[in-house]
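All remarks here apply to the structure that follows.
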Amino acid sequence: MAAACITASGTARNKPEYHTHQEFKLMYGMLFSIRSFISKMSPLDMKDGFLAFQTSRYKLHYYETPTGIKLVMNTDLGVPNCRDTLQQIYSTLYVEYIVKNPLCVLGESLQSDLFSSKLDSFIRALPFFSVRAA
Amino acid sequence: MAIFSVYVVNKAGGLIYQYDNYVPRAEVEKTFSFPLDLVLKIYDEKLVVSFGQRDGIRVGHAVLSINGVDVNGKYTAEGKDILEYLKDPANYPVSIKFGRPRLSSNEKLMLASMFHSLFAIGSQLSPEVGSSGIEMLETDVFKLHCFQTLTGLFFFSLILFDQNLKSALEIAEKAGTFGPGS
Chain A
1 MAAACITASG TARNKPEYHT HQEFKLMYGM LFSIRSFISK MSPLDMKDGF
51 LAFQTSRYKL HYYETPTGIK LVMNTDLGVP NCRDTLQQIY STLYVEYIVK
101 NPLCVLGESL QSDLFSSKLD SFIRALPFFS VRAA
Chain B
1 MAIFSVYVVN KAGGLIYQYD NYVPRAEVEK TFSFPLDLVL KIYDEKLVVS
51 FGQRDGIRVG HAVLSINGVD VNGKYTAEGK DILEYLKDPA NYPVSIKFGR
101 PRLSSNEKLM LASMFHSLFA IGSQLSPEVG SSGIEMLETD VFKLHCFQTL
151 TGLFFFSLIL FDQNLKSALE IAEKAGTFGP GS
């Protein structure tokens with residue numbers, strides 16, 4: 001199976017090196033393994049599947065559309081379940097500015113500047129987005 | 001919330017202890033007539049429903065017993081191949097029980113090691129420096145909590161969400177606090 005990360009943007013990242021291909025492959029492999037892990041482990045039938053995981057420093061939220069588009073958001077630990085936010089990003093931003101755009105080839109790297117700027121302003125408008133004072 | 005199971009994994013990723021708390025799994029037994037309208041396939045040495053979800057029998061459920069007798073993987077207890085058995089119209093009507101397959105001990109060993117690696121990758125993917133591995137993993141059915149000791153042992157436990165508990169908490173919240181007047 002092939003996976004391509006079509007867009008990645010970050011606002012508060014403390015690591016020196018930025019998004020690399022290695023990270024994308026690692027993330028995809030991790031998400032695929034987590035999904036197969038929970039489908040085996042789960043004692044009852046699942047409806048939504050994997051929602052989020054957290055470590056001591058960050059929380060990773062996950063949402064997969066029925067078409068196979070996976071949305072991942074890394075946040076602070078204080079953020080509650082934001083599956084609805086990811087669903088909103090998909091329906092109001094991805095569908096509107098990428099799927100309906102005849103110039104954007106689906107499945108390829110997202111080139112739309114409009115999408116990037118709309119996504120950025122959407123994220124900044126979220127109630128749990130706040131720039132902490134140093 | 002019920003603790004479903006506890007796994008203890010050593011530093012190398014091998015499962016060293018496992019505890020299961022019994023949770024009744026949803027099992028559906030139905031009588032079928034020829035031809036069978038479910039599509040079954042062999043997956044991981046078990047016979048699993050791949051198409052034809054209906055009446056509580058979902059995709060992913062495995063064949064647990066035929067005519068009341070527990071099956072052994074893809075063979076019946078007598079050693080007959082189940083798919084061949086189900087192709088013969090003389091064997092119908094047949095009563096088959098479907099449900100979520102239980103994990104064999106081999107599968108538990110594999111899953112524990114898999115989680116050990118996922119834990120390590122979780123710390124590598126971190127956008128922040130110096131993150132630990134996965135401490136909590138949440139799905140819509142259960143939560144998995146993990147704790148790593150200083151010596152490198154892992155303890156992780158699956159906790160089921162109890163629907164009744166959730167609604168009870170909501171009702172308690174709405175009822176308000178009990179002040180000195182009540």
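These protein sequences, in sequence, are chains A and B. Here UniProt numbering is used: the first sequence runs in plain steps of one and ends on residue 134. Here UniProt numbering is used: the second sequence runs in plain steps of one and ends on residue 182. The beta-carbon is built from N, C-alpha and C at its ideal position, and this holds for glycine as well. This one's a predicted model, so the numbers in the text were calculated from it and none came from an experiment.
Extent of the continuous alpha helix (DSSP H) to which residue i belongs
i, result
"A:Q87", "R83 to Q88"
"B:A120", "S105 to Q124"
"B:Y43", "Note, B:Y43: premise wrong, no alpha helix (DSSP H); beta strand (DSSP E) at V39 to Y43."
"B:I82", "I82 to K87"
Cβ pair residue i, residue j closer than 9 Å
i, j, result
"A:Y58", "A:L86", "no"
"B:V9", "B:F156", "yes"
"B:T31", "B:S95", "yes"
"B:H61", "B:R100", "yes"
"B:I66", "B:I82", "yes"
"B:K108", "B:Q18", "yes"
"residue 135 of chain A", "A:Y90", "Here chain A comprises residues numbered 1 to 134, so residue 135 of chain A is not present and cannot be evaluated."
"A:S112", "A:L103", "yes"
"B:F98", "B:I159", "no"
"A:L119", "A:L93", "yes"
Counted within 10 angstroms of its Cβ, other Cβ atoms place residue i as buried (16 or more) or exposed
i, result
"A:S117", "exposed"
"A:H21", "exposed"
"A:L106", "exposed"
"A:Q54", "buried"
"A:A52", "buried"
"residue 185 of chain B", "Given a span of 1 to 182 for chain B in the structure shown, any question on residue 185 of chain B remains unanswerable."
"B:E78", "exposed"
"B:L64", "buried"
"A:L31", "buried"
"A:A12", "Reliability of the predicted coordinates at A:A12 is poor, the pLDDT of 49 falling under 50, and the value obtained from them is presented with this limitation in mind. A:A12 comes out exposed."
"B:N106", "exposed"
"A:L114", "exposed"
"B:G14", "exposed"
"B:Y92", "exposed"
"A:M1", "With a pLDDT of only 44 at A:M1, under the threshold of 50, the placement of this residue in the model should not be trusted; the figure read from the coordinates follows. Counting Cβ neighbours within 10 Å, A:M1 comes out exposed, since fewer than 16 surround it."
"B:I16", "exposed"
"B:T149", "exposed"
Beta bridge counterpart(s) of residue i as assigned by DSSP
i, result
"A:M27", "According to DSSP, which records beta bridges pairwise, A:M27 is partnered with nothing at all."
"A:T65", "According to DSSP, which records beta bridges pairwise, A:T65 is partnered with nothing at all."
"B:R54", "B:I57"
"B:A2", "B:L160"
"B:F155", "B:V8 and B:F147"
Delimiting residues of the beta strand (DSSP E) encompassing residue i
i, result
"B:D20", "L15 to D20"
"B:S33", "Where B:S33 is concerned, there is no enclosing beta strand (DSSP E), given that its DSSP letter is neither H nor E."
"B:E138", "M136 to T139"
"B:S95", "V94 to G99"
"A:I123", "Not the beta strand (DSSP E): A:I123 falls in the alpha helix (DSSP H), residues D113 to R124."
"A:C104", "No beta strand (DSSP E) contains A:C104, which DSSP labels as neither H nor E."
"B:S65", "A62 to I66"
"A:M46", "Note, A:M46: premise wrong, no beta strand (DSSP E); not H, not E."
"A:N74", "K70 to T75"
"A:L93", "Note, A:L93: premise wrong, no beta strand (DSSP E); not H, not E."
"A:F50", "F50 to Q54"
_Quick check: the region 36-47 of chain B against the region 68-87 of chain B, are at least 3 beta-carbon pairs closer than 8 Å?_
yes
*contact_flag[the region 31-47 of chain A, the region 131-146 of chain B] where n(CB pairs < 8 Å) is 3 or more*: yes
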